[in-house]
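A.B. asks: In the working numbering, the protein residues as written are 10 to 286.
(1) Is residue 169 buried or exposed, if buried means 16 or more other CB atoms sit within 10 Å of its CB?
(2) With a cut-off of 8 Å, do at least 3 Cβ pairs link the region 41-53 to the region 105-123?
(3) Between the region 101-108 and the region 154-169, do at least 3 Cβ pairs fall closer than 8 Å?
(4) Once you ignore the five residues that flank residue 114 on each side, which residues in its own chain have a CB closer than 7 Å to its CB?
(5) Quick check on the DSSP output: the alpha helix (DSSP H) that includes residue 158 runs from which residue to which?
(6) Residue 98 and residue 60: beta carbons closer than 8 Å?
(7) Would DSSP call residue 213 helix, strand or coil?
(8) Can you give me the Cβ contacts of residue 43 inside the same chain, cut-off strictly under 6 Å, excluding the 5 residues immediately before and after it?
(9) Does DSSP classify residue 83 as helix, strand or coil?
(10) Is there at least one non-hydrogen atom of the ligand SAH closer than 7 Å to the beta-carbon of residue 30?
(11) Nearest to residue 236 by alpha carbon, out of 180, 54 and 111?
(12) Classify residue 20 as buried or exposed, calling it buried when 16 or more other Cβ atoms lie within 10 Å of its own Cβ.
(13) Apart from the five residues on each side of it in sequence, which residues of its chain come closer than 6 Å, Cβ to Cβ, to residue 257?
(14) Check whether the Cβ atoms of residue 147 and residue 179 sit closer than 8 Å, and answer yes or no.
(15) Between which two residues does the alpha helix (DSSP H) harbouring residue 191 extend?
(16) With H, G and I counted as helix, E and B as strand and the rest as coil, what does DSSP make of residue 143?
(17) Compare the Cα-Cα distances from residue 220 to each of 136, 263, 271 and 33 and report the closest residue.
(18) Threshold first: 4 residues or longer. Then list the alpha helix (DSSP H) segments lying entirely within the region 41-126, N to C.
(19) Which residue from 181, 57 and 230 puts its Cα closest to that of residue 162?
(20) Between residue 195 and the rest of its own chain, which residues show a CB-CB distance below 7 Å, the 5 nearest in sequence each way excluded?
(21) Note down the Cα distance separating residue 30 from residue 248, rounded to an integer number of angstroms.
(22) Would you kindly check if the distance between the Cβ of residue 25 and the Cβ of residue 58 is under 8 Å?
(23) Between which two residues does the alpha helix (DSSP H) containing residue 295 stretch?
(24) Suppose you measure from the CA of residue 181 to the CA of residue 251; what does that come to, to the nearest Å?
(25) Please state whether the Cβ-Cβ distance between residue 172 and residue 183 is less than 8 Å.
(26) Sorted by chain position, which residues of the same chain lie with C-beta nearer than 7 Å to residue 174's C-beta, five sequence neighbours on each side aside?
(27) If I'm right that residue 127 touches residue 101 with Cβ under 8 Å, what's the distance once you round it to whole angstroms?
(28) Could you check which residue in 142, 192, 139 and 36 has the C-alpha nearest to that of residue 164?
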């Protein structure tokens, strides 16, 4: 065995994994400084590790991390703080496949909050600094998907609180017939659709964008919602859904499976979203 040569590329890959395990995360520049490897070599190694689901790029922070399944952290009550990390590699793979970007959001009180996004990895420049943004429950695609697929009792409680909130964007909750029509339509088609010009957010060349979203359900509770975002005047909603809904649902299923694997099949969330009104 003394004459057997080592595989240099494999050794370099292990070096990157060991650094990420020690430091938890690193930018490309930090990996370059710590390994002495060229950026071109590192990019090839990282691409290979990403394709094998060993490493993912957290676009919201501009750093590389080990995939959660390699961290071997024990189950805990902090599921929601891990959803973004679990979602990142799934969002990135979906973006590489369809080019349009995606977000994952959870409910926090009377709005959603975006935990992770692939917008920085998409060739389409659509509001890239989106992580931490709080889409409205009644107007965003993720919010509508959440309301349509959460348990009836939770939905009625949320709508009651929205009616009391006094917020301009929550006034729609008082239009009960319109809200019920929106919820029924979302349930029927299996995805939420963003209200046109919700939030008045635009692409870099001034075009409004649209989104469709589906829920991630665990034991009958909506844990999070995942969307795909596109430039509204490029493709009608029906055509976009026909082309991409199946892929979005498949990605959402992968996130559901990752959540179950992280927390154990016996995990039952105390409530939907972040667990508070």
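Glycine included, C-beta positions come from ideal geometry on N, C-alpha and C.
C.D. replies: Quick look at the numbers:
(1) exposed
(2) no
(3) no
(4) 121, 122, 123, 124, 144, 151, 233 and 234
(5) 150-158
(6) no
(7) Interpretation of residue 213 is limited by its pLDDT of 47, a score under 50 that renders its predicted location unreliable; no figure is taken from the coordinates.
(8) 28
(9) The predicted position of residue 83 is uncertain, since its pLDDT is 39 and thus under 50; no value can be drawn from it.
(10) Only the bare structure without any ligand can be found here, which leaves the ligand SAH out of the picture.
(11) 111
(12) exposed
(13) 223 and 237
(14) yes
(15) 185-198
(16) coil
(17) 136
(18) 48-60, 77-80 and 88-107
(19) 230
(20) 153, 154, 157 and 201
(21) 43 Å
(22) yes
(23) The displayed coordinates of the chain run from 10 to 286. Any statement about residue 295 would go beyond what the structure contains.
(24) 28 Å
(25) yes
(26) 119
(27) 5 Å
(28) 192
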